[in-house]
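Colleague: Residue numbers (my numbering), protein chains in the order written: chain G, 34 to 243; chain Z, 59 to 277. C-beta: ideal position from N, C-alpha, C; glycine also. Predicted model, so just to flag it, every value in this text is computed and none were measured.
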Amino acid sequence: MPHDGHDHTDPPDELTLRVKALESLLVEKGLVDRQALDVLIDTYEHKVGPQNGARVVARAWIDDDFMAGIKADCSAVIRDAFGFEGRQGEHIVAVENTADVHNVVVCTLCSCYPWTVLGLPPVWYKSAPYRSKVVQDPRGVLKEFGTDLDDDKEIRVWDSTSEMRYLVIPERPEGTDGWSEDELAKLVTRNSMIGVEEAKSPGDNEGDGS
Amino acid sequence: MSGPHDLGGQHGLGPVDPEPEAEEPVFHDDWERRAFALTLACGMLGKWNIDEGRFARESQHPVDYLSNTYYENWLAGLETLLVEKGIVSSEELETGRAGGKAEGYRVPDAAAARKILATGGPSRMTMDLAPGFQVGDRVRVIHNNPWSHTRAPRYTRNHVGTVSHDQGVHIFADAHAQGRKEGVHLYSVRFEPDELWGADGDGRSAVYVDLWEPHLEAA
Chain G
34 MPHDGHDHTD PPDELTLRVK ALESLLVEKG LVDRQALDVL IDTYEHKVGP QNGARVVARA
94 WIDDDFMAGI KADCSAVIRD AFGFEGRQGE HIVAVENTAD VHNVVVCTLC SCYPWTVLGL
154 PPVWYKSAPY RSKVVQDPRG VLKEFGTDLD DDKEIRVWDS TSEMRYLVIP ERPEGTDGWS
214 EDELAKLVTR NSMIGVEEAK SPGDNEGDGS
Chain Z
59 MSGPHDLGGQ HGLGPVDPEP EAEEPVFHDD WERRAFALTL ACGMLGKWNI DEGRFARESQ
119 HPVDYLSNTY YENWLAGLET LLVEKGIVSS EELETGRAGG KAEGYRVPDA AAARKILATG
179 GPSRMTMDLA PGFQVGDRVR VIHNNPWSHT RAPRYTRNHV GTVSHDQGVH IFADAHAQGR
239 KEGVHLYSVR FEPDELWGAD GDGRSAVYVD LWEPHLEAA
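1) Note down, in chain order, each residue of its chain lying with its Cβ closer than 6 Å to the Cβ of Z:GLY61, except the 5 sequence neighbours on either side.
2) Confirm, please, whether the CB-CB distance from G:GLU216 to G:ASN224 is below 8 Å.
3) According to a CB-to-CB cut-off of less than 7 Å, which residues of the stretch 218-229 of chain G neighbour chain A?
4) Which residues share a DSSP beta bridge with Z:VAL84?
5) Which residues, in chain order, does the stretch 254-271 of chain Z contribute to contact with chain G at a C-beta distance below 9 Å?
6) Hey, is the stretch 105-119 of chain G in contact with the stretch 199-206 of chain Z, meaning 3+ C-beta pairs nearer than 8 Å?
7) Helix, strand or coil for Z:LEU244? Go by DSSP, reduced to three states.
8) Between Z:ASP122 and chain G, is any beta-carbon pair separated by less than 8 Å?
9) Say whether chain Z places a C-beta atom closer than 8 Å to the C-beta of G:CYS107.
10) Mind checking if Z:LEU65 is an interface residue toward chain G, Cβ cutoff 8 Å exclusive?
11) With a cut-off of 8 Å, does the C-beta of G:MET100 fall near any C-beta of chain Z?
12) Among the residues of its own chain, which have a CB less than 7 Å from the CB of Z:THR138, if the five just before and after it don't count?
13) Applying the criterion that 16 or more other CB atoms from any shown protein chain within 10 Å of the CB defines a buried residue, is Z:ALA235 buried or exposed?
14) For G:VAL174, which residues in chain Z fall below 9 Å Cβ to Cβ?
15) Compare the beta carbon distance of Z:TYR266 and G:TRP191 with 8 Å and say whether it is the shorter of the two.
16) Quick one: is G:GLY240 near chain Z, going by C-beta distance under 8 Å?
17) In chain order, which alpha helix (DSSP H) runs of at least 4 residues are fully inside the stretch 47-125 of chain G?
18) Are the CB atoms of G:ARG198 and G:CYS145 within a distance shorter than 8 Å?
19) Within this structure, are the beta carbons of Z:VAL227 and Z:VAL247 separated by less than 8 Å?
20) Quick check: what's the CA-CA separation for G:TYR158 versus G:VAL139?
21) Short check: CB of G:PRO203 to CB of G:VAL221, under 8 Å?
22) For the beta strand (DSSP E) holding Z:THR177, just list the boundary residues, first then last.
23) Can you find at least 3 beta carbon pairs, one from the stretch 63-71 of chain G and one from the stretch 98-115 of chain Z, that sit closer than 8 Å?
24) Considering only the beta carbon of each residue, do G:LYS186 and G:HIS124 sit closer than 8 Å?
25) Which bits of chain G does Z:TRP89 rub up against, with CB to CB less than 7 Å?
26) Looking at the C-beta of G:ARG120, does it have a partner C-beta in chain Z at a distance below 8 Å?
27) Which two residues bound the contiguous beta strand (DSSP E) that contains Z:ARG292?
28) Do the stretch 65-73 of chain Z and the stretch 158-173 of chain G make contact, defined as three or more Cβ pairs closer than 8 Å?
29) Identify which residue in Z:ASP109, Z:GLY219, Z:GLU142, Z:GLU79 has its Cα closest to the Cα of Z:PHE230.
30) For the stretch 161-186 of chain Z, which residues have a beta carbon sitting closer than 9 Å to at least one beta carbon of chain G?
31) Check each candidate in Z:GLN118, Z:ARG196, Z:VAL121, Z:ALA160 and name the one with the smallest Cα separation from G:LEU58.
32) Looking at chain Z, which residues of the stretch 200-214 of chain G have a Cβ within less than 9 Å of any of its Cβ atoms?
33) What are the boundary residues of the beta strand (DSSP E) that includes Z:ALA188?
34) Can you list, in chain order, the stretches of the beta strand (DSSP E) that have 3 or more residues and sit fully within the stretch 129-172 of chain G?
35) Need the endpoints of the alpha helix (DSSP H) that Z:GLU110 sits in, please.
36) Please classify G:ALA87: is it buried, with 16 or more other beta-carbons within 10 angstroms of its beta-carbon, or exposed?
Put into structure tokens, the structure is as follows:
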């Protein structure tokens, strides 16, 4: 199959030229402002990302009222607490992992994702393999991420078909009693907030991605 | 439409093969940055809504949709919409040469773009509308196969689930893709694996899907 091993890092020159031509055309016609383009890129490349969501999760772990608040109206509570608001974060639903339930998020129809707390989605989240499989075989997909859940734990898969955006609150790792919010936030990975992994444990190596 | 984008439950698409989180950049090439920003900036001209944007991407030929990388699909959708809405002519797109300055558009500058991102675009509507279903109700997703845009995935159609949340009144995506802004109740509906996949489901799991009232009937 030609689609296997499709390289996402090495697009043909033709594509680079096609985008450049379109940008020049739109600028020449006065339809886009290059400084606005720079703002859009900078916002999602450098300012908004999973470090936002990690702060939300860490706060929820140490503050029961905050946890209750985000489970009732996440978007309003995190706007007031942290100023996280805006596009693709208008209607966030926080779903909490417990001893009995594990949550995982997908958008089978496109790539819906809570931008204000996680930034832009990773390639795998937007890809056909993940979107096709996780609704039928969530345990199998989690195993591809090295996540092995007990058979008696219920997995809830949230298919983001509307403008509701789902944020998973992973379980607080053992051995973190008395940790500060900043220390806890370092254990909260992007993948744990999508629900394909659990949060890191205190002993896990820094930067040990998946 | 039952297009190539409607992927839930399809087989044979390969392993997920995730890049390690710590190593994955936000964009994998400069053209992706530009395609992303151009799509958002052109969307801010206000000539199409998010559901028309989705429909433009999913209306590509399935072979193209599935073999393209993600931002190639964005680019294809953007080019389609620019021509369809008469913002750019197909000749201008082919030659790359502007036939003239565009007039009558409100083009956001850097400050305006920042403000639009921060404001977002809520789909919830403040409308007093009685819900047709209550939490706990058993509902069946209507049995259809529309050519137009729908956010009811194929794998849920004609299947029965339980209403788990009423999310209030939201813009109905299927009508929105045709340029109509209609408010209806949106529900999160829980489906058991044996209902969706028979004996091929994962025993201890459930899928929650957001569906609008017109997608549902009492079961």
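Modeller: Reading it off the structure:
1) GLU116
2) no
3) Among the protein chains in the structure shown, which are G and Z, there is no chain A.
4) Answer is none; Z:VAL84 lacks a bridge partner.
5) LEU254, TRP255, ASP258, GLY259, ASP260, GLY261, ARG262, SER263, ALA264, VAL265, TYR266, VAL267, ASP268, LEU269, TRP270
6) no
7) strand
8) no
9) no
10) yes
11) no
12) ALA114
13) buried
14) VAL74
15) yes
16) Note that G:GLY240 scores 47 on pLDDT, short of 50, meaning its location in the model is unreliable; the coordinates nonetheless yield the value given after this. Yes - at least one Cβ of chain Z is within 8 Å of the one on G:GLY240.
17) 67-75, 83-95, 97-115
18) yes
19) no
20) 7 Å
21) yes
22) That residue, Z:THR177, is in no beta strand (DSSP E); its alpha helix (DSSP H) goes 168-177.
23) yes
24) no
25) PRO44, LEU48, THR49, VAL52
26) yes
27) Not covered by the structure: residue 292 of chain Z. The range shown for chain Z is 59 to 277.
28) yes
29) Z:ASP109
30) GLU161, TYR163, VAL165, PRO166, ASP167, ALA168, ALA169, ALA170, ALA171, ARG172, ILE174, LEU175, ALA176, THR177, GLY178, GLY179, PRO180, SER181, ARG182
31) Z:ALA160
32) none
33) Note, Z:ALA188: premise wrong, no beta strand (DSSP E); not H, not E.
34) 134-139
35) 108-116
36) buried
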